[in-house]
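Number of protein chains: 2
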Amino acid sequence: MTSPPNTADTLIHAGWIVPVVPHGVVLENHSIALTGERITALLPRAEAQAIEAQNVLELPGHVLLPGLINCHGHAAMSLLRGFADDQPLMPWLEQHIWPAERAHVSEEFVRDGTELAIAEMLRAGTTTFSDMYFFPNACAATAQRLGMRCQITFPIFDFPTAWGQDADDYIRKGLALRDDFKHSALVTVVFGPHAPYTVCEANLARIATLAAELDAPVHIHLHETAGEVLMAVEQCGERPLDMLNRLGLLGPRTQCVHMTDLGDQDIALLAATGAHVVHCPQSNMKLASGTCRVGALRAQGVNVALGTDSAASNNDLNLFGEMQAAALLAKLHAHDASALPAADALAMATINGARALGLEDRIGSLEVGKQADLIAVDLRGPETQPLYHPLSQLVYACNGSQVSHSWIAGAAVMADRELTHIDLQALAVRTNQWQQRIAHTPGVTL
Amino acid sequence: MTSPPNTADTLIHAGWIVPVVPHGVVLENHSIALTGERITALLPRAEAQAIEAQNVLELPGHVLLPGLINCHGHAAMSLLRGFADDQPLMPWLEQHIWPAERAHVSEEFVRDGTELAIAEMLRAGTTTFSDMYFFPNACAATAQRLGMRCQITFPIFDFPTAWGQDADDYIRKGLALRDDFKHSALVTVVFGPHAPYTVCEANLARIATLAAELDAPVHIHLHETAGEVLMAVEQCGERPLDMLNRLGLLGPRTQCVHMTDLGDQDIALLAATGAHVVHCPQSNMKLASGTCRVGALRAQGVNVALGTDSAASNNDLNLFGEMQAAALLAKLHAHDASALPAADALAMATINGARALGLEDRIGSLEVGKQADLIAVDLRGPETQPLYHPLSQLVYACNGSQVSHSWIAGAAVMADRELTHIDLQALAVRTNQWQQRIAHTPGVTL
Numbered sequence: 001m002t003s004p005p006n007t008a009d010t011l012i013h014a015g016w017i018v019p020v021v022p023h024g025v026v027l028e029n030h031s032i033a034l035t036g037e038r039i040t041a042l043l044p045r046a047e048a049q050a051i052e053a054q055n056v057l058e059l060p061g062h063v064l065l066p067g068l069i070n071c072h073g074h075a076a077m078s079l080l081r082g083f084a085d086d087q088p089l090m091p092w093l094e095q096h097i098w099p100a101e102r103a104h105v106s107e108e109f110v111r112d113g114t115e116l117a118i119a120e121m122l123r124a125g126t127t128t129f130s131d132m133y134f135f136p137n138a139c140a141a142t143a144q145r146l147g148m149r150c151q152i153t154f155p156i157f158d159f160p161t162a163w164g165q166d167a168d169d170y171i172r173k174g175l176a177l178r179d180d181f182k183h184s185a186l187v188t189v190v191f192g193p194h195a196p197y198t199v200c201e202a203n204l205a206r207i208a209t210l211a212a213e214l215d216a217p218v219h220i221h222l223h224e225t226a227g228e229v230l231m232a233v234e235q236c237g238e239r240p241l242d243m244l245n246r247l248g249l250l251g252p253r254t255q256c257v258h259m260t261d262l263g264d265q266d267i268a269l270l271a272a273t274g275a276h277v278v279h280c281p282q283s284n285m286k287l288a289s290g291t292c293r294v295g296a297l298r299a300q301g302v303n304v305a306l307g308t309d310s311a312a313s314n315n316d317l318n319l320f321g322e323m324q325a326a327a328l329l330a331k332l333h334a335h336d337a338s339a340l341p342a343a344d345a346l347a348m349a350t351i352n353g354a355r356a357l358g359l360e361d362r363i364g365s366l367e368v369g370k371q372a373d374l375i376a377v378d379l380r381g382p383e384t385q386p387l388y389h390p391l392s393q394l395v396y397a398c399n400g401s402q403v404s405h406s407w408i409a410g411a412a413v414m415a416d417r418e419l420t421h422i423d424l425q426a427l428a429v430r431t432n433q434w435q436q437r438i439a440h441t442p443g444v445t446l
Numbered sequence: 001m002t003s004p005p006n007t008a009d010t011l012i013h014a015g016w017i018v019p020v021v022p023h024g025v026v027l028e029n030h031s032i033a034l035t036g037e038r039i040t041a042l043l044p045r046a047e048a049q050a051i052e053a054q055n056v057l058e059l060p061g062h063v064l065l066p067g068l069i070n071c072h073g074h075a076a077m078s079l080l081r082g083f084a085d086d087q088p089l090m091p092w093l094e095q096h097i098w099p100a101e102r103a104h105v106s107e108e109f110v111r112d113g114t115e116l117a118i119a120e121m122l123r124a125g126t127t128t129f130s131d132m133y134f135f136p137n138a139c140a141a142t143a144q145r146l147g148m149r150c151q152i153t154f155p156i157f158d159f160p161t162a163w164g165q166d167a168d169d170y171i172r173k174g175l176a177l178r179d180d181f182k183h184s185a186l187v188t189v190v191f192g193p194h195a196p197y198t199v200c201e202a203n204l205a206r207i208a209t210l211a212a213e214l215d216a217p218v219h220i221h222l223h224e225t226a227g228e229v230l231m232a233v234e235q236c237g238e239r240p241l242d243m244l245n246r247l248g249l250l251g252p253r254t255q256c257v258h259m260t261d262l263g264d265q266d267i268a269l270l271a272a273t274g275a276h277v278v279h280c281p282q283s284n285m286k287l288a289s290g291t292c293r294v295g296a297l298r299a300q301g302v303n304v305a306l307g308t309d310s311a312a313s314n315n316d317l318n319l320f321g322e323m324q325a326a327a328l329l330a331k332l333h334a335h336d337a338s339a340l341p342a343a344d345a346l347a348m349a350t351i352n353g354a355r356a357l358g359l360e361d362r363i364g365s366l367e368v369g370k371q372a373d374l375i376a377v378d379l380r381g382p383e384t385q386p387l388y389h390p391l392s393q394l395v396y397a398c399n400g401s402q403v404s405h406s407w408i409a410g411a412a413v414m415a416d417r418e419l420t421h422i423d424l425q426a427l428a429v430r431t432n433q434w435q436q437r438i439a440h441t442p443g444v445t446l
């Protein structure tokens, strides 16, 4: 232990601090000091009085915790929130989502949709998100401009889309983007092959080689439904996870999203290779995709993080809802009310997310030296009283609207629920303009 | 159609009105007039201008809908919110909940716990709740005092508790309470035999006779887990539902709560008798009780309503979360993303609830002549934009914190999120006092 600093930019006194590391710990009447981008002290309030700070914030009845990490989404699709719900998966995609995207997706669509998503995510406690969408340059620039931390996964397909022609083209543009943001403190750019059924073996092999050379993460939709796995076995005689492993694409830099179809051999392979799973419980339920075997994965030591997926299939970008859904679904699935307790659900939304993104040395917990990505949650309302265990309240009673403050890399991005970098009224005007255009897309019925 | 009135107490102009009856309808730019306890007009805004009203409210960007109906809970247990989460069911009850209840349950406990629950329910759009707990007199008086509509189900057990000695005693006190509130416009008092495993056959038969004589509803925990049903079959050779039917306790006045263990023959019996099912998806998941076959019940014409259960097993009393959980769980269970669409989930939380409680002639929809129980939901925030379909937004994107106004029997009980009858600060002080006492219960470990 080093002695606390004499000064700080910001000193926050809170009712409780949940640092996430060490696991399950709740510190009462503690304080945290921030200087520059980093956490410089975490100590009992009595000892913190000695620190001289430019800004001192009193947050009685609030709990401070690491900002939440949303490991999977398509932010710009927030402009399609509620556009075509309650449809079977293929009509939803083929008759609604894809035609709307073909007609409207552009840099401007991605810029405005990403800003809408970031506004929503910040208001519900998320400080880092992972994104896979067309025009990732527009998403990266928007996140950087708004002070939001993100992992941009540039999409790779075999076929043309609004953003590229073929795998070569996507990879070339993606690596250029990675180069553009190589000095960014907030934005990392990694490989995003869409899925094994949209990227052929040769291209996946090439991505494996490039990712290994660059030591870069790879983010991929995988085993989203049993149907997808069955189709691959019928067509290629191999489960997608086995194919990725054969091609050298499974390892500690690999982020496998969804994974609702998992045999014991799949779980053993994930554990052996150190690949990460991103669980998206609400999206998997809403699209009737299936249930990820979170309990079995965790029992075998596989790191499981959380994602919302897009607002078109969720329909919110709220990790409080996702923590609760993950915990409740795990209990139901295990026939055991003690499965996936609150502390574990919170770890999935924080430190496990940081591990999945390869950022665990920087974010995911409140520890001295780490980036100052943290949120305050006001537990004084009738929804979160009485308060025997702050961890229970965070996971089982909060709905995200209790998040009062948020800092990313030491900068206040929300204070008393006011966003410092986003003009919500101007954003609402642009959102409404997109709605009018999208609702009148030729050939699309609302 | 009668012509609209010339005057009204209150006239509300809203962006949208979702009356629930007719099913799935969304009226744009409509207005609603309230006079006394009732809805007196529902009409296009242009036509509403002719009505002279004492209070005129403009709610652009808001949707008006019937107040939500929470068909199962134990309000006073809000004082045990988060007291002992993530425990297997029996240790949770035997080592935590029951000892705490034995030590603390009193009229004062029920009064304060019920006020806390009502504050939370109102802030999340509930205007009617059903309650089963000790000292139902205290719950009834609190609801009446706070202007909240409720169905009090007086509890009946074979054994003594803080509120009674034996079935005779519970029934005697319950019927006296029913008599006390027979002229109440807000409170109805009905039979609440706890469960088939806590009330013997002879007492259930007696309740059947009394309920039939009084034409009074009966509310009962039933088939909450497969284990409960198996135990009954092993001990009595009969499924609990079959026993209730044999005793004459299954009919259109019966509210069967939970019902996670359902064979096709059970569903046929529920349909034939006209009994109602109260589905509590979040509680069933959190306690790992099982999954109610909502799709099959609805396909056979059984009325399915929604309940939160208590804040000790949920941990919120928020029907927006319950609607979403019900819809998502039904889709997952049916392997069909089109199962239980938004309009159906909303009907479960409104008109189906009214039917289950036998109050469908008074509440559950916005229709002229019905009681003016309604809420306004503000859809202008980034969480609920853009807005293609208000019904989708209500079920899949709202978390309850968007509820801005609430009326019960024509009286404003919440305006701009301020509760008119509850002092939240004074309530917080009393809640904290209970927390201190309960946390230090001898023999109970937190």
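Protein sequence lines, in the order shown, are assigned to chains A and B.
Residue 432 in this note's numbering sits at position 432 of the first sequence; the count goes up by one each step and never skips.
Residue 26 in this note's numbering sits at position 26 of the second sequence; the count goes up by one each step and never skips.
The beta carbon of each residue, even a glycine, is placed where N, CA and C say it ideally should be.
query	result
Which whole-angstrom value describes the C-beta separation of A312/B and A326/B, a residue pair presumed to lie in contact below a C-beta threshold of 8 Å?	Contact flag wrong, Cβ pair sits at about 20 Å.
Tell me the DSSP bridge mates of I375/B?	L65/B, S406/B
For T153/A, list the residues DSSP reports as bridge partners.	V190/A
Taking Cβ to Cβ, would you say L306/B is nearer than 8 Å to A343/B?	no
Indicate whether the contact test is met: 3 or more Cβ pairs, each with one atom in the region 294–308 of chain B and one in the region 19–33 of chain B, closer than 8 Å.	no
Return the chain-ordered list of same chain residues with a C-beta closer than 6 Å to the C-beta of L250/B, the five sequence neighbours on each side being excluded.	L244, T273, A275
By the three-class DSSP mapping on this structure, what secondary structure does S31/A have?	strand
CA-CA distance, D112/B and L427/B?	8 Å
In this structure, what does DSSP give as the bridge partners for S130/A?	Q151/A
Please list, in chain order, the residues of the region 374–389 of chain A that have any C-beta partner in chain B closer than 9 Å.	R380, G381, P382, E383, T384, Q385, P386, L387, Y388, H389
Assign W92/B to one of three DSSP states: helix, strand, or coil.	helix
Rank A75/B, I220/B, D9/B by C-alpha distance to the C-alpha of E383/A and give the top, closest one.	A75/B
Are the beta-carbon atoms of V403/B and G125/B separated by less than 8 Å?	yes
Going by the CB atoms, is the gap between I363/B and I69/B shorter than 8 Å?	yes
By the 10 Å Cβ neighbour count, where 16 or more other Cβ atoms means buried, how is V304/B classified, buried or exposed?	buried
Using three-state DSSP, classify V18/B as helix, strand or coil.	coil
Under 8 Å, Cβ to Cβ, is there at least one residue of chain A near D336/B?	yes
Check this for me: beta carbons of V189/B and F154/B, under 8 Å apart or not?	yes
Check whether chain B comes within 8 Å of W434/A, counting only Cβ atoms and requiring the distance to be less than that.	yes
Around the Cβ of G443/B, are there at least 16 other Cβ atoms within 10 angstroms (buried) or fewer (exposed)?	exposed
Are any of the Cβ atoms in chain A nearer than 8 Å to that of W92/B?	yes
For I97/A and D86/A, I'd like the C-alpha separation in whole angstroms.	13 Å
Give me the Cα-Cα distance between G36/B and S401/A, rounded to the nearest whole angstrom.	34 Å
Of all Cβ atoms in chain B, is any one closer than 8 Å to the Cβ of A428/A?	yes
Identify the contact partners of N352/A in chain B, using a Cβ-Cβ distance below 7 Å as the criterion.	Neighbours of N352/A on chain B: none; closest Cβ ~18 Å, over 7 Å.
Looking at A41/B and I32/B, is the spacing between their C-beta atoms short of 8 Å?	yes
Which residue comes first and which comes last in the alpha helix (DSSP H) that contains R111/A?	107–123
Could you check whether the Cβ of R298/B sits closer than 8 Å to any Cβ belonging to chain A?	no
Out of A162/A, R206/A, L177/A, M285/A, point me to the one whose CA is closest to G248/A's CA.	R206/A
If I follow the unbroken alpha helix (DSSP H) through L424/B, where does it start and stop?	424–439
Within 10 angstroms of its Cβ, does M231/A collect 16 or more other Cβ (buried), or is it exposed?	exposed
Measure from the C-beta of E120/B to each C-beta in chain A and report whether the shortest distance is under 8 Å.	yes
With a threshold of 8 Å between beta-carbons, can S106/A be considered close to chain B, or not?	no
In chain A, what lies closer than 8 Å to Q87/B by C-beta?	A337, S338
Is the beta carbon of V199/A closer than 8 Å to that of I156/A?	yes
Judging by CA-CA distance, which residue of G73/A, I152/A, H72/A is the nearest neighbour of A138/A?	I152/A
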